[in-house]
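Taking it in order: structure first as structure tokens, then the write-up.
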Amino acid sequence: MSLIRQLWLTIIASTLIAFLGSFAISLVTARQYLEYQLAVKNNDNAASLALSMSQLDKDPVTTELQIAAVFDSGQYSLVKLISPTGKTLMEKQRSGALANVPAWFIHLFPIESKPGYAQVSAGWKQFGTVEVVSSTQFAYGELWRGGIKLAYLFFFSGLVVGLLGTALLKRIKGPLHAVVEQAKAIGQRNFIHLPLPKVPELRTVVKALNAMVGSLQTLFNEQAKHLEELRRENLLDKLTGLANRENFLDQLNNVLRGNEDLPPTGSLVLLRITNLLDINRRHGREATDDLLRQVGTALAATARDQHGAAARLNGSDFILLLPSVEDPEGAVKHLMGALQALGDTGWEDISGTWHLSSCPYLQGQSASHLLARLDQALATAEWQQDEVWRRADNPIDLPLTNHGEWKALIETALRDKRAKLAEYPVQAFAGGQLLHLECPLRLGAPTADDWLVAGKFMPMAVRLGLTDQLDLLTLQLVLERLTEESPAMAINLSGESLRSPQFREQFYKTLVNHKPLAPRLWIEISETGAFENFLDFLAFCHLIRPLGCHLGIEHFGHRFSNIGQLYQTGLEYIKVDGSFIQDLDSKPGNQIFLKGLCGIAHGIGLQVIGENTRTQAEMEWLEKLGFDGVTGPVLA
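Residue 83 in the UniProt record's numbering is what sits at position 83 of the sequence shown, and the numbering runs on without skipping anything.
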């Protein structure tokens, strides 16, 4: 039973008890007072009538007129003249129902009108005795009206108290509801702090819950920090903080293996500091290490600007992976400028000691072949000495080559809805049930019978500012499929789209119009898109989550240090990037990292799904490490 209902029942019961007590006491007291007043009145009126009759003639006519005059006033129920011998000489009596007074009330509170007596004299002799009894009709009427007024008074008083109590409870209910939601959020591993309410009792509860949330967050952050240190130890170069060789090759192979979420083309840039040993001999180990850290910082900045990855392959070799960048000239010039700027920090002799090579890549190519081409081009640049950057170009068959053609294709697809959804199963380990179908968008290619995967057109859509329209089209297509009673389906949204408040509002309105379908819709954003636009991502989560959708992050793992931010998003799952899963059965470092990742993710209520899983051995290891589900070619 709700607090408001309990309050009203308590007020009604209290008011009723108070009313009945007051009603009984007040009416009994009033009845006694009225009976006393009637007795006094009867005696006074009897004396007055007797005195009047004693002074007049005692003939029957005069006597009757005297008695009738008193009786006809309507205030008496009985006026009687009795002889000294007890014989009734004359009597006037009235009886009748009491108007507007219920019988139960008369029965419950009977009023007794005691007769008044007085002697009538005839000279020195007694003529008789007058008996006067006043009518109780008026007394009952007053008593009944007093009871009604008392009932109204208690009714309206109880109503006012009830309304005030309800208003007070509603005021308290807000902080109380917030406390309940905080408790629910903690149960769902979603740690939120509440402002302290003004109500002292609730203030104590909120303080305790906030303290518990703080303790849980501290514990969670310590675990995440420990696992991040483990990740850095196994996957990153200790000196520069860039990816190590093994980690980079995993990322490169993941791109080349044909993941359609990733751009199918891009560029690789190899940097070599050719006289590192000489620099180390002349400047010392500490100074050389500082130089390498600065070079790593420059590479990381270039990779971040291009949404790529940077790595240190060995002591003097560094590499950039630039997805969707067919011509790396801009990135190379940016990097060269950063390296030349090292001369301003005391490294005047660094100029001319480094060389670069670059080559484009295409999904399906061999990583070893690409690295060999880069190394050959770099060797040529070193041999020629005056050539700092050497291209190792090879022709790549691209469907379109310029912005205008891409813009025309995408806008035509949007206008004509020349788009469709692919379907890839995501399977749970528990029972082998289907979690959902992952449904990336595909657009019609220039050739009538071909379809472009998202990795081909999305990079250009980002540059053209068309991702929001493509994402809304994806939502429309998936809602049409869900209307057909298909299994749960997942769509990928671009981080660039989330930056637009108009997109978020339009997405929300569209989903509200199809709210019954929302629980079967899974929505995921890439790790890069989520963390680079975190405030927009957080606003989107808070807007969409109440509708019942499942929210998640895909390609997760490279920014694991940001996992502490996820507790406030209300996410339900993460999909771990395939580069961590490649050849998992032979990589103990990745096994340790992924096991710890699962433990922390489960600690904040996240399901963990493995992406781009290709072999049965990889799949078996995912299940051993605690993953909840899997997707990739292994399910084909």
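Think of the CB as a built atom: it goes at the ideal place given N, C-alpha and C, for glycine as much as any other residue.
Buried/exposed call for residue i, threshold 16 Cβ in 10 Å
i, result
"Gln476", "exposed"
"Gln607", "buried"
"Ala103", "exposed"
"residue 641", "The question about residue 641 has no answer, for the chain in this structure spans 1 to 636."
"Thr63", "buried"
"His555", "buried"
"Glu485", "exposed"
"Ile17", "exposed"
"Pro395", "The predicted position of Pro395 is uncertain, since its pLDDT is 49 and thus under 50; a value taken from the coordinates is nonetheless stated next. Exposed."
"Asn513", "exposed"
"Asn612", "buried"
"Lys587", "buried"
"Ser215", "exposed"
"Val426", "buried"
Secondary structure of residue i, DSSP reduced to three states
i, result
"Pro633", "helix"
"Ile273", "strand"
"Arg285", "helix"
"Lys198", "coil"
"Gln75", "coil"
"Leu268", "strand"
"Glu326", "coil"
"Asn590", "helix"
"Ser366", "coil"
"Val161", "helix"
"Asn612", "coil"
"Pro395", "Annotation note: pLDDT 49 at Pro395 (below 50); position unreliable, coordinate value reported separately. Here Pro395 sits in coil by DSSP."
"Asn259", "coil"
"Arg559", "coil"
"Ala422", "coil"
"Ser121", "strand"
"Thr88", "strand"
"Leu291", "helix"
"Gly174", "helix"
"Ile111", "coil"
"Glu572", "coil"
The ligand FMN heavy atom lying under 6 Å from the CB of residue i
i, result
"Leu498", "Only the bare structure without any ligand can be found here, which leaves the ligand FMN out of the picture."
Boundaries (first-last residue) of the beta strand (DSSP E) holding residue i
i, result
"Ser497", "Not the beta strand (DSSP E): Ser497 falls in the alpha helix (DSSP H), residues Gly495 to Leu498."
"Glu64", "It is not in any beta strand (DSSP E) - Glu64 instead sits in the alpha helix (DSSP H) that spans Pro60 to Phe71."
"Cys359", "Trp354 to Leu362"
"Ile563", "No beta strand (DSSP E) holds Ile563; DSSP gives it neither H nor E."
"Asp317", "Asp317 to Pro323"
"Arg481", "Premise fails: Arg481 lies in the alpha helix (DSSP H), Thr467 to Thr483, not in any beta strand (DSSP E)."
"Val133", "Lys125 to Ser134"
"Phe556", "His550 to Phe556"
"Arg442", "Leu441 to Gly444"
"Arg312", "Ala309 to Arg312"
"His193", "Unbroken run through His193: none, as it is neither H nor E."
Contact check, residue i vs residue j, beta carbons under 7 Å
i, j, result
"Gly455", "Pro200", "no"
"Phe156", "Thr15", "no"
"Val161", "Ile25", "no"
"Val206", "Leu194", "yes"
"Gly629", "Ile609", "yes"
"Phe593", "Leu230", "yes"
"Glu228", "Ser561", "yes"
"Leu498", "Phe540", "yes"
"Ala46", "Gln119", "no"
"Thr297", "Thr353", "no"
"Pro519", "Leu434", "no"
"Ser135", "Ser95", "no"
"Ala39", "Lys114", "yes"
"Gly596", "Phe580", "no"
Boundaries (first-last residue) of the alpha helix (DSSP H) holding residue i
i, result
"Thr528", "Glu527 to Glu532"
"Arg463", "Ala454 to Leu464"
"Val255", "Arg245 to Leu256"
"Lys407", "His403 to Asp416"
"Lys509", "Pro501 to Val512"
"Leu342", "That residue, Leu342, is in no alpha helix (DSSP H); it is neither H nor E in DSSP."
Requested in this report: Evaluate contact between the region 268-279 and the region 356-364, counting only Cβ atoms and requiring at least three cross-stretch pairs below 8 Å.
Outcome: Per the Cβ contact rule, the region 268-279 is in contact with the region 356-364 (3 or more Cβ pairs under 8 Å).
Query raised in the report: How about the region 173-180 and the region 141-152: do they share at least three Cβ pairs that are nearer than 8 Å?
Result: Segments in contact, no.
Query - contact_flag[the region 240-248, the region 435-447] where n(CB pairs < 8 Å) is 3 or more - result: Fewer than three beta-carbon pairs drawn from the region 240-248 and the region 435-447 are found closer than 8 Å, and the two stretches are therefore not classed as touching.
Query raised in the report: Counting Cβ pairs closer than 8 Å, one from the region 511-530 and one from the region 485-496, do we hit at least three?
Result: The answer is yes - the region 485-496 touches the region 511-530, with three or more Cβ pairs under 8 Å.
Query raised in the report: At a cut of 8 Å, does the region 569-579 reach the region 212-220 through at least three beta carbon pairs?
Result: They do not touch, by the three-pair rule.
**Report entry** Stretch-stretch touch, CB-based, cutoff 8 Å, three pairs: the region 121-132 with the region 74-88
**Finding:** The region 121-132 vs the region 74-88: in contact.
Query - the region 360-369 contacting the region 235-242, beta-carbon criterion three pairs below 8 Å - result: In this structure the region 360-369 does not touch the region 235-242; the number of beta carbon pairs closer than 8 Å is below three.
**Report entry** the region 289-308 contacting the region 366-386, beta-carbon criterion three pairs below 8 Å
**Finding:** Not touching, per the Cβ criterion.
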